[in-house]
Structure formats: C-alpha cells, structure tokens
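**Student:** Quick mapping for you: the protein sequence lines, in order, are chains A and B.
Everything in the first sequence is counted per the working numbering, starting at 1 for the first residue and increasing by one.
Everything in the second sequence is counted per the working numbering, starting at 1 for the first residue and increasing by one.
C-beta atoms are modelled at their ideal positions from N, C-alpha and C, and glycine is treated no differently.
No experiment lies behind these values; they were computed from the predicted model shown.
Number of protein chains: 2
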Amino acid sequence: MERHFHEQLQKLREKLTVMSRSVEESIEKSIQSVMLSDAALAEEVFSMDDAINRMEMDIDDDCLKLLALQQPMAADLRFIMAAMKINNDLERMGDHSVNIAGYSKSLSGPRSVRLMENIPKMARIVRDMVSESLAAFVEGDAGRARAVCLKDDEVDRLDDALFKDILNLPHPDSESVSRSLAMVLISKNLERIADLSTNIAEEVIFIVQARTIKHHSELSLIEDRRAR
Amino acid sequence: MERHFHEQLQKLREKLTVMSRSVEESIEKSIQSVMLSDAALAEEVFSMDDAINRMEMDIDDDCLKLLALQQPMAADLRFIMAAMKINNDLERMGDHSVNIAGYSKSLSGPRSVRLMENIPKMARIVRDMVSESLAAFVEGDAGRARAVCLKDDEVDRLDDALFKDILNLPHPDSESVSRSLAMVLISKNLERIADLSTNIAEEVIFIVQARTIKHHSELSLIEDRRAR
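1) Run through chain B and tell me which residues come within less than 8 Å of Ile166 (chain A), C-beta to C-beta.
2) Helix, strand or coil for Asp62 (chain A)? Go by DSSP, reduced to three states.
3) Rounded to whole angstroms, what is the Cα-Cα separation between Ala135 (chain B) and Asp141 (chain B)?
4) Roughly how many angstroms separate the alpha carbons of Lys11 (chain A) and Val45 (chain A), rounded to a whole number?
5) By a C-beta neighbour count over all protein chains shown, 10 Å radius and 16 as the cutoff for buried, is His96 (chain A) buried or exposed?
6) Using a Cβ-Cβ cut-off of less than 8 Å, give me the residues of the region 69-92 of chain B that come near chain A, in sequence order.
7) Helix or strand or just coil, what does DSSP make of Gly140 (chain A)?
8) In angstroms, rounded to a whole number, what distance separates the CA positions of His6 (chain B) and Leu77 (chain A)?
9) Give me the Cβ distance between Asn199 (chain B) and Asp89 (chain B), rounded to the nearest whole Å; I'm assuming they're in contact under 8 Å.
10) Determine, using beta carbons only, whether Glu132 (chain B) and Val148 (chain B) come nearer to each other than 8 Å.
11) Interface residues of chain A around Leu64 (chain B) at Cβ under 9 Å?
12) Could you list which residues in chain A have their beta carbon closer than 9 Å to that of Val184 (chain B), in chain order?
13) What is the DSSP secondary structure of Met73 (chain B), counted as helix, strand or coil?
14) If you reduce the DSSP assignment to three classes, tell me which class Leu36 (chain B) lands in.
15) Report the neighbours of Gly67 (chain B) on chain A: residues whose CB is nearer than 8 Å to its CB, in chain order.
16) For Tyr103 (chain A), collect the residues of the same chain with a Cβ closer than 7 Å to its Cβ; drop the 5 residues on either side in sequence, then sort them by chain order.
17) Buried or exposed: Lys164 (chain A), going by 16 or more other Cβ atoms within 10 Å of its Cβ?
18) Just how far apart, CA to CA, sit Val98 (chain A) and Ser30 (chain B)?
19) With a threshold of 16 other CB atoms inside 10 Å of the CB of Arg192 (chain A), please say whether the residue is buried or exposed.
20) Find out if the Cβ-Cβ distance for the pair Asp58 (chain A), Met84 (chain A) is shorter than 8 Å.
21) Let me confirm a value: Met195 (chain A) is counted as buried when at least 16 other C-beta atoms fall within 10 Å, else exposed. Which label applies?
22) Given Ala42 (chain B), which residues of its chain have a CB within under 6 Å of its CB, disregarding the five upstream and five downstream residues?
23) Verify the CB distance criterion: does Lys188 (chain A) have a CB-CB separation below 8 Å to chain B?
24) Going by the beta-carbon positions, is the gap between Val177 (chain A) and Leu158 (chain B) smaller than 8 Å?
25) Can you tell me the Cβ-Cβ gap for Glu117 (chain A) and Asn87 (chain A), rounded? I've got them flagged as a contact below 8 Å.
26) Going by DSSP in three states, Ser230 (chain B) sits in which element: helix, strand or coil?
27) Considering Cα atoms alone, identify which of A:Ala39, A:Gly94, A:Leu162, A:Arg146 is closest to Glu229 (chain A).
28) With a threshold of 7 Å on Cβ separation, who are the neighbours of Arg92 (chain A) within its own chain once the five nearest residues in sequence on each side are excluded?
29) Given a cut-off of 8 Å on the beta-carbon distance, is the pair Ile80 (chain B) and Cys63 (chain B) in contact?
30) If I measure Cβ to Cβ from Asp49 (chain A) and keep anything under 8 Å in the same chain, skipping five residues before and after, which residues do I get?
31) Roughly how many whole angstroms lie between the Cα atoms of Val130 (chain A) and Arg3 (chain B)?
32) Considering only their Cβ atoms, is the gap separating Leu66 (chain A) from Gln8 (chain A) smaller than 8 Å?
33) Taking only three categories from DSSP, how would you classify Asp173 (chain B)?
34) Would you call Val18 (chain B) buried or exposed, if buried means 16 or more other Cβ atoms sit within 10 Å of its Cβ?
Right under this line is the structure:
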C-alpha cells in the first residue's frame with residue numbers, strides 16, 4: 001500500500017511535467033504565430049489548449065482519488081494540495097497562450113524592430129520560468145524556486161519598458177494604435193504566465209520550508225526532552 | 001464529530017462569503033479610484049489586498065486541517081477541494097483590483113464620455129458575477145451558477161466594444177494613446193475577474209451535477225436490482 005502510494009505520487013509528478021512541457025510548447029508556438037502572423041500556428045495553439053484542459057481534468061481526478069482512497073497525512077497531503085494548485089496554474093498558462101495566439105491577426109503589417117525584439121526575449125525568460133518552477137517542484141528544490149522568483153522582476157521590467165516604448169511611438173495613427181494595443185496585451189499575457197510560475201515557485205518554497213520548520217521543531221522537541 | 005465537521009464546513013462557507021464581500025468592495029473602490037483619479041482610494045485597494053491575502057492563507061489552512069483531521073469522503077472531499085479553488089480565484093480577483101487601481105494615475109486628464117460609461121457598466125456586471133457565483137456555491141444552486149456563465153458573454157462583448165471604440169479614436173496623440181492603453185488594461189482586468197467568477201460558477205455546476213449523476217446512478221442501481 002505504502003509503496004503503491006509513492007508510485008502514484010511519482011506518477012503525479014510525471015503527469016505535471018508532461019503538462020508543463022505542453023504549456024511551454026504552446027507559449028513558444030503562440031509567440032511564433034504572432035511574430036510570423038501565422039494563422040496555422042495559432043490554430044495549433046488552440047487545439048493544444050484542448051489537450052491541456054483534458055490533462056488538467058485528469059490530474060485533478062488523480063488528486064481527488066489519492067485524497068479519497070489513501071487519506072494521506074501531513075507532508076503528503078500538502079504535496080497533493082500543491083499539485084492541485086500547480087495543475088490549475090498550468091492550465092491558466094495555456095489560456096494565456098491562447099490569448100496571445102489570438103492577437104496574431106491584429107499584428108500583420110509593419111512593426112517596430114525594437115518591440116519585436118523585446119517580445120521574444122520576454123517569452124524566452126517566461127518559458128524558462130515555467131520549466132524551472134516545475135523542476136523545482138518535482139525535485140523539491142527551494143533554491144531553484146527562489147531563482148524563478150527573481151526572474152519575475154526581470155519580466156516586469158521588460159513589460160514596463162515595452163509599455164514606455166509604445167507611449168513614445170512617433171505620430172501614432174489608428175493602425176499603429178491597434179498594433180500597439182496588441183503588443184501591450186501580449187506582453188501582459190506573458191507577464192501573467194510569469195506570475196503563475198512565481199506562484200508555483202512560492203508554493204515550492206512554502207512546502208520545503210514547512211518541512212524544514214517541522215524538522216527543526218522535531219529537533220528542538222528532542223533537545224527539550226534531553227534538557228529535561 | 002459529524003456535527004462538529006458540518007459546523008466547520010459551514011464556517012468555511014461563511015469565511016468565503018466574507019472574503020467575497022471584500023473582493024467586491026475592492027473592485028468597486030478600484031473603479032472609483034480610476035473614475036475620480038483618486039490616489040487615496042487606490043491606496044485603500046492596496047491595503048485591502050493585504051487583508052484578502054491573509055484571508056486566503058487562513059482559509060487554505062482551514063481546508064488543510066479539515067482534510068488532515070477529518071479525512072472526509074466523496075461529496076465533502078469534493079466540496080473542500082472546490083473551496084480551495086474558489087479561495088484561490090477570489091485572491092486573484094483581489095490582484096486584478098490592485099492592477100486596476102494602479103492605472104488611476106495614468107488616467108488623469110480628459111477622457112471620452114462613452115468610454116467612461118462603459119467601464120463602470122462592466123464593473124457593475126462583474127461585481128454582480130462575483131457575488132452571484134459565491135452565492136451559487138454557498139447554496140449549491142446550479143441555476144444561479146448558470147446565470148453567471150451567461151453574464152460572462154455580456155462582459156466579453158463590452159470588452160470588445162471598448163477595444164473598438166479606442167481603435168476608432170480620432171487623431172490619436174501620445175497622451176490619448178497612454179489613456180487608451182490604461183482603458184484597455186482596466187477592461188482586460190475586469191474581464192479576467194469575470195472569467196474567474198465563471199470558473200467558480202462552473203465548479204458549482206460540476207459539484208451539483210456530480211451529486212445528481214451519483215444520485216441517478218444510485219437510483220438506477222436500485223431499479224436494476226428491482227428488475228432482477
């Protein structure tokens with residue numbers, strides 16, 4: 001029973017990793033669809049989202065079964081609750097990719113080179129945050145999780161810079177306003193994905209610390225007993 | 001023990017209702033801060049968010065304790081998992097209010113009357129969706145939840161209309177572009193709150209249906225037995 005349970009937890013980690021890979025791919029494709037104004041790529045993002053939604057339901061179901069059948073305690077319970085939250089965060093990231101791909105239509109026509117450099121740059125950092133936050137969870141690595149939180153500031157800076165670039169566009173006309181709006185919204189969607197990755201990273205830090213604090217309090221309990 | 005457990009579930013419902021009221025108030029204040037360019041109101045939204053974050057942690061903790069100590073089965077387990085998700089959704093709505101209040105600075109100066117009508121109109125519908133989705137959860141009322149889902153389409157329509165209004169602004173200059181960007185982002189934040197309310201409503205429909213399906217399958221089991 002115990003061994004079976006730990007196999008199931010391992011299975012849960014693997015499923016979340018697969019889901020995370022799909023989300024990373026959908027982010028990549030959504031940005032490509034925007035950069036190349038490629039409607040076929042945008043369509044791929046939309047159908048990937050269906051798959052990601054199905055993964056979410058499947059993982060949610062696994063968590064529910066683990067809770068109902070195994071009635072885990074303490075650390076395992078906290079782990080499954082974190083898995084549920086992370087599952088939800090990943091699914092929302094997929095929604096943001098869909099939003100981004102949706103703007104591929106608004107972005108045909110000429111674009112500022114500087115803007116077109118900053119969006120893929122942001123996207124690269126964001127994809128890395130997704131992958132690293134999930135790895136931090138699977139390995140229970142608080143250091144790796146903290147590195148993700150630091151990267152969030154970088155994304156915020158890029159998002160602000162893009163906003164200012166757009167405000168400083170010379171001679172805005174209705175065409176360029178439309179493109180600028182799409183740019184800002186793409187940037188905001190990337191920034192939300194970064195926030196969701198940061199949520200995951202904070203969850204990991206919380207779990208690891210709870211374990212550490214528990215460990216310490218057990219140690220001090222032992223010391224208390226020794227002192228008696 | 002059983003009675004104690006149901007009292008705790010009732011307490012959970014009450015805490016989520018209190019949290020929802022705070023979120024509704026923070027949405028209201030954030031929109032007011034934008035409409036009146038009122039920095040003091042924006043500050044109130046920021047400090048309300050701290051309170052909302054603390055509520056989230058408290059409710060999360062309650063859910064964890066209920067799961068660990070009571071080891072609930074089936075319907076109760078599903079209810080607690082839904083409460084956890086809703087708790088998370090409400091906390092994120094608070095974040096969106098903070099985003100909106102943050103734009104109060106960008107929005108001083110002249111504004112289009114039509115735009116300034118549409119934002120409060122959207123906000124009213126969105127606040128109503130928050131309150132109704134929570135009421136649907138507390139009462140387990142799928143009909144009320146379905147009404148929330150319908151309102152989401154209305155919000156999407158208003159968001160699209162606002163986007164088009166901005167694209168059709170005559171003679172955009174860098175000032176009006178800046179205001180337009182803020183408007184679009186406020187509208188998108190309201191739309192995200194509407195989406196989160198729809199998540200809650202869908203969760204309620206899912207719970208009620210699961211109960212109904214289970215009830216039906218138990219009925220058909222009885223009928224199967226009778227048929228034998």
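**Tutor:** From the atom records:
1) Val177, Leu181
2) helix
3) 8 Å
4) 26 Å
5) buried
6) Gln71, Met73, Ala74, Leu77, Arg78, Met81, Met84, Lys85, Asn88
7) coil
8) 21 Å
9) 6 Å
10) yes
11) Leu77, Arg78, Met81
12) Leu181, Val184, Leu185
13) coil
14) coil
15) In the sequence under discussion, the amino acid at residue 67 (chain B) is Leu, which differs from the Gly named in the question. Per Cβ cutoff of 8 Å: Leu67, Leu77, Met81.
16) Val34, Ala182, Leu185, Ile186
17) exposed
18) 28 Å
19) buried
20) no
21) With the sequence shown as reference, residue 195 (chain A) is identified as Asp, and Met is not the correct amino acid for it. Label assigned to Asp195 (chain A): buried.
22) Ser33, Ala101, Ser104
23) yes
24) no
25) About 34 Å separates the two Cβ atoms, so there is no contact after all.
26) Because chain B here runs from 1 to 228, residue 230 (chain B) falls outside it and cannot be looked at.
27) What the structure shows of chain A is the stretch from 1 to 228, and residue 229 (chain A) is not part of that stretch, so it cannot be assessed.
28) Leu196
29) yes
30) Ser26, Gly94, Asp95, Ser97, Val98
31) 43 Å
32) yes
33) coil
34) exposed
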